[in-house]
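Just below is one structure, and these are the notes that go with it.
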Ligand SMILES: NC(=O)c1ccc[n+]([C@@H]2O[C@H](COP(=O)([O-])OP(=O)(O)OC[C@H]3O[C@@H](n4cnc5c(N)ncnc54)[C@H](OP(=O)(O)O)[C@@H]3O)[C@@H](O)[C@H]2O)c1
């Protein structure tokens, strides 16, 4: 089989590999999520795999094990460029060559200095190599890890619940609940996908939140709960209980917060506010994605969902490239990537 028919089989296999990779979002840190499918010479799927967690076999190795001798002369379809380094497991490039794979189709190059370059190594060994199949979709599934590797700091998603008139709370400080149960449950799914949840001391003192993954959302491991602020926190606050690990960072410098978290192995952060801390992170250019639950509720008074972020004129507005507008119960979830200014 050759030509367009093979292309269709490879694109379908890449779709499947992406679905496999997505199964492990939130479970593989500090590693990426990766899915792999092996096609035999006829383009038939003979092996599948994904990276379940750091230290477990890489997706390619799992897929090759399933394929066995049927991988010989076949194609490896994988969401990320195969690694060429020996970490906790051996290099995937060697596993592909040992299995006799003659074609590699991958979606996104690996930007990490030690693991990247696997495709060039395989091409030099005579393997037919194609890059970029379903590249944008593969970038999206690995957005947090790719951002972390490229920038050297954790990926930050700002989550906010806001009224239609852009408020985070009523004039008396009450904010429970702006959004409905479905939206709040959905937000717990975002918690389950990150390494750390971040809030300011204002939110902790006002709301005494637990910041754990609940609402029966499955979670590979409890995310680290991080409180940022210089005020002393009273004993007995839920965020300091034993339900999940906690960390109090007595600083107001967003860059310092992310550097500290990076040092602790955190690669993805869900910033849950409140408005002051969120504004500081947006102002420092340290928010990569915004997920806003907008409720059909009007308050007319009360704090804005985002505090000062250094924007004084419309030309400086922080803009998003929206890739999702989804009704969630009675509310709407809007999600978009922060667009960086030219050269920024
Ligand atoms: N609707 C929502 O999605 C949502 C989410 C969260 C909270 N809320 C509501 O927001 C309200 C609390 O608002 P808030 O703005 O006080 O909460 P906040 O942003 O959680 O906390 C503000 C505090 O964060 C600390 N901080 C850390 N870095 C900072 C920086 N770079 N600049 C300034 N301060 C920094 C300061 O604490 P120190 O003074 O200790 O240094 C500051 O007082 C509550 O009513 C809560 O219900 C709403």
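Numbering (this note's numbering), first residue to last: 1 to 344.
Glycine included, each C-beta is placed from N, C-alpha and C at the ideal position.
Work out the CA separation of residue j and residue i for me, nearest whole Å.
i           : j           : result
residue 42  : residue 8   : 12 Å
residue 282 : residue 313 : 15 Å
residue 179 : residue 76  : 45 Å
residue 35  : residue 106 : 10 Å
residue 311 : residue 341 : 13 Å
residue 163 : residue 297 : 5 Å
residue 266 : residue 175 : 29 Å
residue 1   : residue 40  : Confidence at residue 1 is low in this model, with a pLDDT of 48, below 50, so its placement is unreliable and no value can be given for it.
residue 119 : residue 216 : 41 Å
residue 264 : residue 207 : 27 Å
residue 18  : residue 141 : 7 Å
residue 244 : residue 225 : 7 Å
residue 109 : residue 261 : 26 Å
residue 84  : residue 301 : 57 Å
residue 269 : residue 198 : 7 Å
residue 112 : residue 326 : 34 Å
residue 48  : residue 71  : 11 Å
residue 187 : residue 44  : 39 Å
residue 248 : residue 149 : 25 Å
residue 328 : residue 144 : 23 Å
residue 374 : residue 154 : As displayed, the chain neither begins before 1 nor continues past 344, which places residue 374 out of reach and without an answer.
residue 74  : residue 38  : 7 Å
residue 177 : residue 78  : 43 Å
residue 218 : residue 231 : 33 Å
residue 241 : residue 69  : 52 Å
residue 336 : residue 250 : 30 Å
residue 16  : residue 256 : 39 Å
Under 8 Å by Cβ, that's how I've got residue i and residue j pegged, so tell me the actual separation to the nearest angstrom.
i           : j           : result
residue 104 : residue 32  : That belief does not hold up - the Cβ atoms of residue 104 and residue 32 are roughly 17 Å apart, past 8 Å.
residue 287 : residue 271 : 7 Å
residue 201 : residue 236 : Their Cβ separation, rounded to whole angstroms, is 15 Å, which puts residue 201 and residue 236 out of contact at 8 Å.
residue 128 : residue 102 : 6 Å
residue 303 : residue 169 : 5 Å
residue 134 : residue 11  : 7 Å
residue 309 : residue 279 : 4 Å
Just to confirm before moving on: does the CB-CB distance between residue i and residue j stay below 9 Å?
i           : j           : result
residue 21  : residue 46  : no
residue 220 : residue 59  : no
residue 227 : residue 194 : no
residue 223 : residue 191 : yes
residue 252 : residue 209 : no
residue 171 : residue 299 : yes
residue 95  : residue 61  : yes
residue 322 : residue 334 : yes
residue 139 : residue 146 : yes
residue 275 : residue 320 : no
Thinking just about the alpha-carbon of each residue, which of the options is nearest to the one in residue i?
i           : options               : result
residue 285 : 251, 338, 271 and 291 : 338
residue 166 : 72, 294 and 244       : 294
residue 57  : 279, 190, 69 and 28   : 28
residue 345 : 202, 14 and 325       : Since the displayed the chain opens at 1 and closes at 344, residue 345 lies outside it and no answer follows.
residue 330 : 73, 185 and 247       : 185
residue 157 : 301, 273, 317 and 182 : 273
residue 65  : 99, 74 and 124        : 99
residue 290 : 159, 52, 121 and 48   : 159
residue 152 : 258, 246 and 50       : 258
residue 246 : 71, 233 and 255       : 233
residue 126 : 97, 149 and 309       : 97
residue 52  : 30, 69 and 71         : 30
residue 123 : 181, 82 and 309       : 82
residue 55  : 306, 87, 78 and 69    : 87
residue 91  : 117, 218, 242 and 161 : 117
residue 181 : 26, 332 and 336       : 332
residue 292 : 161, 38, 50 and 16    : 161
residue 26  : 69, 336 and 213       : 213
For a cutoff of 9 Å on Cβ pairs, would you count residue i as touching chain D?
i           : result
residue 247 : Judged by its chain identifiers, the structure shown contains no chain D, having just a single protein chain.
Subject >> Runs of beta strand (DSSP E) lying entirely within the region 201-282, each at least 3 residues, in chain order >> reply: DSSP runs (the beta strand (DSSP E)) wholly in the region 201-282: 224-228, 246-249 and 268-271.
**OP:** Taking only runs that begin and end inside the region 274-333, name each unbroken alpha helix (DSSP H) of 4 or more residues, in chain order.
**Re:** With a minimum length of 4 residues, the continuous alpha helix (DSSP H) runs that stay inside the region 274-333 are 275-283.
Subject >> Runs of alpha helix (DSSP H) wholly within the region 66-152 (minimum 4 residues, chain order) >> reply: Those alpha helix (DSSP H) runs which fall completely within the region 66-152 and span 4+ residues are 92-99, 118-124, 135-141 and 143-151.
**OP:** Output the residue ranges of the beta strand (DSSP E) runs that lie fully inside the region 167-202 and measure 3 residues or longer, sorted by chain position.
**Re:** Counting only runs of 3 or more, we get 196-200.
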